[in-house]
Amino acid sequence: SIKWSLIALIPNALPLLAISGLMGILKVPVDTNLVILICVVFGVAGDNTIHLTYVLRQERSKGASYDEALQRAWRLIGIAMIGTCGAFLFCLPVFLLGSLKLFNQIAVFLSIAFIAAFIADAIVFPAFQVKMGWGNDDL
Numbered sequence: 002s003i004k005w006s007l008i009a010l011i012p013n014a015l016p017l018l019a020i021s022g023l024m025g026i027l028k029v030p031v032d033t034n035l036v037i038l039i040c041v042v043f044g045v046a047g048d049n050t051i052h053l054t055y056v057l058r059q060e061r062s063k064g065a066s067y068d069e070a071l072q073r074a075w076r077l078i079g080i081a082m083i084g085t086c087g088a089f090l091f092c093l094p095v096f097l098l099g100s101l102k103l104f105n106q107i108a109v110f111l112s113i114a115f116i117a118a119f120i121a122d123a124i125v126f127p128a129f130q131v132k133m134g135w136g137n138d139d140l
């Protein structure tokens, strides 16, 4: 639905804001190579949010309360989300060993973005839904 699409955009904006903010603070010029990072982060963050939303909707349609649905969603897909972010975070430090400045930037920015994406999906997304009362309605 349009409503859930808009809700899902909120946690996906956090990693993008984290990268953009860090680039601004560090005065890193924006070039095409770094813009590709935004696409990668938005893709992974969006994928996690889609899976979480799908399982929440499925569980709610079975009659589970929002809290029960969220717990079941984390049991079903939480490990996959942790694995996705963890795999990237485990591999990215290798980029810091390179002498190419772009590789170093990719490692730093992607690491921060994946951490922000996970926090957004794990904490911000459910909290925002509950705060707005969207956890209590029919999905």
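The sequence shown stops at residue 140 when you use the working numbering, and every number in between is there.
No residue lacks a Cβ here, since even glycine has one placed at the ideal position from N, Cα and C.
No experiment lies behind these values; they were computed from the predicted model shown.
Same chain, Cβ closer than 8 Å to residue i, neighbours up to 5 away in sequence not counted
i: I51; result: A9
i: G99; result: N105
i: D32; result: none
Chain-order list of residues whose beta-carbon lies under 6 Å from that of residue i (same chain, five-residue window excluded)
i: L140; result: With a pLDDT of 48 at L140, under the threshold of 50, the modelled position of that residue is not reliable, and no figure is offered here.
i: P16; result: V42, A46, A114, A117 and A118
Whether residue i touches residue j by CB criterion (8 Å)
i: A108; j: L97; result: yes
i: T85; j: N49; result: yes
i: L38; j: F104; result: no
Which listed residue (the options) has its alpha carbon closest to that of residue i
i: Q72; options: A81, K132, C40 and V56; result: V56
i: G44; options: P12, D32, K63 and L27; result: P12
i: D68; options: F91, G25 and Q130; result: Q130
CB-CB length for residue i against residue j, believed under 8 Å
i: L53; j: F126; result: 7 Å
i: Q106; j: V29; result: 7 Å
Contacting residues, own chain, Cβ-Cβ under 7 Å from residue i (five flanking each side not counted)
i: L23; result: F110 and I113
i: M1; result: A query on residue 1 cannot be resolved here, the shown segment of the chain reaching from 2 to 140 and no further.
query: Contact between the stretch 14-32 and the stretch 120-131: three or more CB pairs below 8 Å?
result: Between the stretch 14-32 and the stretch 120-131, the count of Cβ pairs shorter than 8 Å is three or higher; the stretches touch.
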